[in-house]
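**Q** Per UniProt numbering, the very first residue in the sequence shown carries number 1; after that it's consecutive.
Virtual Cβ for every residue (Gly too), placed ideally from N, Cα, C.
The model shown is predicted, which means the values in this text are computed figures rather than measured ones.
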Amino acid sequence: MRFGKKGNLSHRYVGPYQILRRIDKVAYELDFPRLGVDESLSYEEVPVEILDRKVRRLTIKEIASVKVLWRNNQVDGANWEAEADMKSHNPHVFPAIPTLY
1 MRFGKKGNLS
11 HRYVGPYQIL
21 RRIDKVAYEL
31 DFPRLGVDES
41 LSYEEVPVEI
51 LDRKVRRLTI
61 KEIASVKVLW
71 RNNQVDGANW
81 EAEADMKSHN
91 PHVFPAIPTL
101 Y
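(1) Looking only at DSSP bridge pairs, what is E62 linked to?
(2) So, helix, strand or coil for D76, using DSSP?
(3) How far does the alpha helix (DSSP H) with E83 in it reach, from first residue to last?
(4) Over what stretch of residues does the beta strand (DSSP E) that includes D31 continue unbroken?
(5) Determine the burial state of A78: buried for a count of at least 16 other Cβ atoms within 10 Å of its Cβ, exposed for fewer.
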């Protein structure tokens with residue numbers, strides 16, 4: 001069995017979940033946690049915190065990435081996003097840098 005970050009048995013998919021009832025020989029109804037879904041059935045990921053930053057050096061340019069912790073996810077569910085995109089769409093996540101005169 002694979003319990004890695006990308007496998008089907010990662011922490012995102014593995015319980016423990018309470019079994020509500022047994023439906024069939026191998027089918028069970030489980031008590032999953034509620035998701036924040038509005039009436040239009042859309043789900044919005046909201047960034048909560050920047051956990052890490054790294055710069056990848058390519059031949060011609062450098063690309064800055066940030067590791068983002070999303071609301072409704074645990075730390076192991078954080079992923080890397082382009083810093084420029086995150087700053088343009090979610091400036092509130094980045095700490096304000098005071099200017100010195």
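**A** Reading from the atomic positions:
(1) Taking the first residue of the sequence shown as 1, we reach residue 62 at position 62. For E62, which the question treats as bridged, DSSP gives the partners R57.
(2) Your numbering for residue 76 matches position 76 in the sequence shown. Note: D76 maps to helix in three-state DSSP.
(3) Looking up residue 83 in the sequence shown gives position 83. E83 to H89 is the extent of the alpha helix (DSSP H) around E83.
(4) On the sequence shown, residue 31 is found 31 positions in, with the first residue counted as 1. First-last of the beta strand (DSSP E) with D31: Y28 to D31.
(5) Counting from one through the sequence shown, the residue named residue 78 turns up at place 78. When all chains shown are included, A78 counts as buried.
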